[in-house]
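*Asks:*
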Amino acid sequence: MSTERDDPLEELVVSRERVNRQCVVDALDGVVNVSDDGELLAMSGFQPLNSRERIVALLLARWAAAELGLVDTPGLPVAELGDRVGLSASAVEKYVHEMVFVRQSSDGDGHSIPERRIVDAVQFVDTDTTGV
Numbered sequence: 050m051s052t053e054r055d056d057p058l059e060e061l062v063v064s065r066e067r068v069n070r071q072c073v074v075d076a077l078d079g080v081v082n083v084s085d086d087g088e089l090l091a092m093s094g095f096q097p098l099n100s101r102e103r104i105v106a107l108l109l110a111r112w113a114a115a116e117l118g119l120v121d122t123p124g125l126p127v128a129e130l131g132d133r134v135g136l137s138a139s140a141v142e143k144y145v146h147e148m149v150f151v152r153q154s155s156d157g158d159g160h161s162i163p164e165r166r167i168v169d170a171v172q173f174v175d176t177d178t179t180g181v
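The sequence shown begins at 50 in the working numbering and counts up by one.
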């Protein structure tokens, strides 16, 4: 008789939280870093991204900062996203509404990526992602 530990399918079981965190680290490496006070720092890999990818990279980095307790909320205001990406607030608003994995913050001031959509957002930014 086989026990659960002998089941080879057990190798497929992973922590969603760990997968999300590792995916974000892999996707943002060299793109956006987070300072110890929660500031988002664009790195050399940020410039080659298109505007939509930059928005998502910033939102992923902000999610990471919130997960680490460096900032209070995982969302970023549209105006700040626009300033960081070089777009008008209305252009940012249009782009984020097209992205199914971005949600407006509950307080209505900004946008964020819910944890359950992290992998989708990572795949949007990291076109080299072949799997989780």
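Just so you know, even glycine gets a beta-carbon here, dropped at the ideal spot from N, CA and C.
For N82, which three-state DSSP category applies?
*Replies:* Locating residue 82 in the sequence shown gives position 33, counting from the first residue. If DSSP states are grouped into helix, strand and coil, N82 belongs with the strands.
*Asks:* Where do the N-terminal and C-terminal ends of the beta strand (DSSP E) with L89 fall, by residue?
*Replies:* Here residue 89 refers to the residue found at position 40 when the sequence shown is read from its first residue. Here the beta strand (DSSP E) through L89 covers 89-91.
*Asks:* How long is the line joining the alpha carbons of L125 and I167, rounded to whole angstroms?
*Replies:* Position 76 of the sequence shown holds residue 125. Position 118 of the sequence shown holds residue 167. Cα to Cα, the separation comes out at about 16 Å.
*Asks:* Buried or exposed for G131, going by 16 or more other Cβ atoms inside 10 Å?
*Replies:* Translated into the one-based positions of the sequence shown, residue 131 becomes position 82. Looking at its Cβ environment, which holds 16 or more other Cβ atoms inside 10 Å, G131 is buried.
*Asks:* Since L125 sits in a beta bridge, which residues does DSSP pair it with?
*Replies:* For the purposes of this step, residue 125 is taken as the residue at position 76 of the sequence shown. According to DSSP, which records beta bridges pairwise, L125 is partnered with H160.
*Asks:* Are A76 and V174 closer than 8 Å when you measure CB to CB?
*Replies:* Your numbering for residue 76 matches position 27 in the sequence shown. Your numbering for residue 174 matches position 125 in the sequence shown. Taking 8 Å as the Cβ cut-off, A76 and V174 qualify as a contacting pair.
*Asks:* If you draw a straight line from the alpha carbon of V134 to that of L61, how long is it in whole angstroms?
*Replies:* Counted from its first residue, the sequence shown places residue 134 at position 85. Counted from its first residue, the sequence shown places residue 61 at position 12. Taking the straight line from one Cα to the other gives about 38 Å.
*Asks:* Here's a check: name, in chain order, each residue in its chain whose Cβ is nearer than 7 Å to the Cβ of V181, leaving out the five neighbours to either side.
*Replies:* Along the sequence shown, read from residue 1 onward, the residue named residue 181 stands at position 132. Only weak support is given to the placement of V181: the predicted model assigns it a pLDDT of 37, under 50, and the value that follows is read from those uncertain coordinates. Closer than 7 Å at Cβ, skipping near neighbours: V68, C72, V168.
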